[in-house]
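> Be aware that the sequence shown starts at 0, since it is given in numbering that gives the first Met the number 0, and climbs by one per residue. Got a structure for you, questions after.
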Amino acid sequence: MEDKIKINHLKENGVYKTIMPAPNADDYDTLKDSIKKYGIKVPIVVNKDYEIIDGYSRYKIAKEIGLKKIPCKVISFKDKFEEREYVILANLHRRHLNNAQKAEIGLKLLEIEEERARERQKELGQQLGKLGGRGVKKGTEKYEEKKRELMEKAEEQEREREKTLVPTLAQGFSEERKEGKAIEIVAEKVGIGKETLRKAKKIKEKAEKDERIKKYWEEAKKGKKSINSVYKIIEREEKIKRLEEKIKEMPKLEGKYQVIVID
Numbered sequence: 000m001e002d003k004i005k006i007n008h009l010k011e012n013g014v015y016k017t018i019m020p021a022p023n024a025d026d027y028d029t030l031k032d033s034i035k036k037y038g039i040k041v042p043i044v045v046n047k048d049y050e051i052i053d054g055y056s057r058y059k060i061a062k063e064i065g066l067k068k069i070p071c072k073v074i075s076f077k078d079k080f081e082e083r084e085y086v087i088l089a090n091l092h093r094r095h096l097n098n099a100q101k102a103e104i105g106l107k108l109l110e111i112e113e114e115r116a117r118e119r120q121k122e123l124g125q126q127l128g129k130l131g132g133r134g135v136k137k138g139t140e141k142y143e144e145k146k147r148e149l150m151e152k153a154e155e156q157e158r159e160r161e162k163t164l165v166p167t168l169a170q171g172f173s174e175e176r177k178e179g180k181a182i183e184i185v186a187e188k189v190g191i192g193k194e195t196l197r198k199a200k201k202i203k204e205k206a207e208k209d210e211r212i213k214k215y216w217e218e219a220k221k222g223k224k225s226i227n228s229v230y231k232i233i234e235r236e237e238k239i240k241r242l243e244e245k246i247k248e249m250p251k252l253e254g255k256y257q258v259i260v261i262d
């Protein structure tokens, strides 16, 4: 549904506002000039609560130039995960992004999928727990039959999920294989190689504990460093650490021994 909505009725979402990198000053000024002349041509996307999903730059400009009403498209989402995915994917192909910026977006998609997987597991556990409350004893034939039905339903939902964005994959796959497949699919979605996304994932994990790596990652997103150059720094430091640990584990020399000095 598309309509003109009073600008003071719209709400900002702190997370959605910062998911995508802001346009540079030149692009922002060009957009502002266009809106001044022609108005907002692409409606701002909001959810049913009038929370802005997509269009923060247009919204900001509308406030700056004093627009009272702006065109909005109201979209209802199945859940919070679908809503967050929309925010990311709606912007992905509109911007000129470098590989580090694309990887950052890909990692956000992976985070969403991990949260979705945890929620599904939680729901499945709750449904299995309710069977006992309905008089279905654990270990009985009826319990196993109901459990099988719930598992099949969960797997069917997963198969449907695979057709849309990022699968967490069916029951029985190892965590390593699940992650590997998810990385492969997300990398294709954001337009980078799976190995590039894997390296970015490791960099981000290191950046959470190391301010220096965090700084390098921010530089990569600004185009000042490549993902590979930051990854090599981590690899080199890990190699040095492994060597230091091996040296510590080496047995100490005891007793007397001869030293030969050569001029």
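Using N, Cα and C, we set each Cβ at its ideal position, and we do this for glycine too.
In the DSSP assignment, find the alpha helix (DSSP H) that holds K223 and state where it starts and stops.
Taken as a continuous stretch (DSSP letters only), K223 belongs to no alpha helix (DSSP H), as it is neither H nor E.
> Under a Cβ-count criterion, where at least 16 other Cβ atoms within 10 Å of its own Cβ denotes burial, should D32 be classed as buried or exposed?
exposed
> Rounded to whole angstroms, what is the Cα-Cα separation between K201 and V189?
A direct Cα-Cα distance of roughly 18 Å separates K201 from V189.
> Indicate whether the contact test is met: 3 or more Cβ pairs, each with one atom in the stretch 108-116 and one in the stretch 79-94, closer than 8 Å.
yes
> For Q170, collect the residues of the same chain with a Cβ closer than 6 Å to its Cβ; drop the 5 residues on either side in sequence, then sort them by chain order.
Low confidence applies to Q170: its pLDDT is 39, below 50, so where it sits in the model is not reliable, and the reading given next is rough at best. Here the set comprises nothing.
> Please identify the residue among E84, R211, E140 whose C-alpha is closest to the C-alpha of R115.
Measuring C-alpha to C-alpha distances from R115 to each of E84, R211, E140 identifies E84 as the nearest.
> Mapping DSSP to helix, strand and coil, what is E207?
coil
> Measure the alpha-carbon distance for E1 versus I43 and round it to whole angstroms.
9 Å
> Just to confirm, are K107 and I18 a CB contact at a threshold of 8 Å?
yes
> Rounded to whole angstroms, what is the Cα-Cα separation between Q125 and R147?
15 Å
> Does the separation of the CB atoms of N12 and I69 fall below 8 Å?
no
> I'd like the list of long-range same chain contacts for V14, defined as Cβ closer than 7 Å, with 5 residues on each side in sequence excluded.
none
> Going along the chain, which residues of its own chain have a beta-carbon closer than 8 Å to the beta-carbon of L30, five neighbours each way excluded?
P22, S56, R57, I60
> Quick check for students: name the residue ranges of the alpha helix (DSSP H) that lie wholly in the stretch 57-137, counting only runs of 4 or more.
79-91, 98-132
> Which first and last residues belong to the alpha helix (DSSP H) in which V44 is found?
In the DSSP assignment, V44 falls outside any alpha helix (DSSP H) and lies within the beta strand (DSSP E) extending over 43-45.
> Which residues does DSSP pair with I51 in a beta bridge?
V45
> Taking E218 as the reference, give the member of E143, N97, E234 with the closest Cα.
Among E143, N97, E234, the Cα nearest to that of E218 is on N97.
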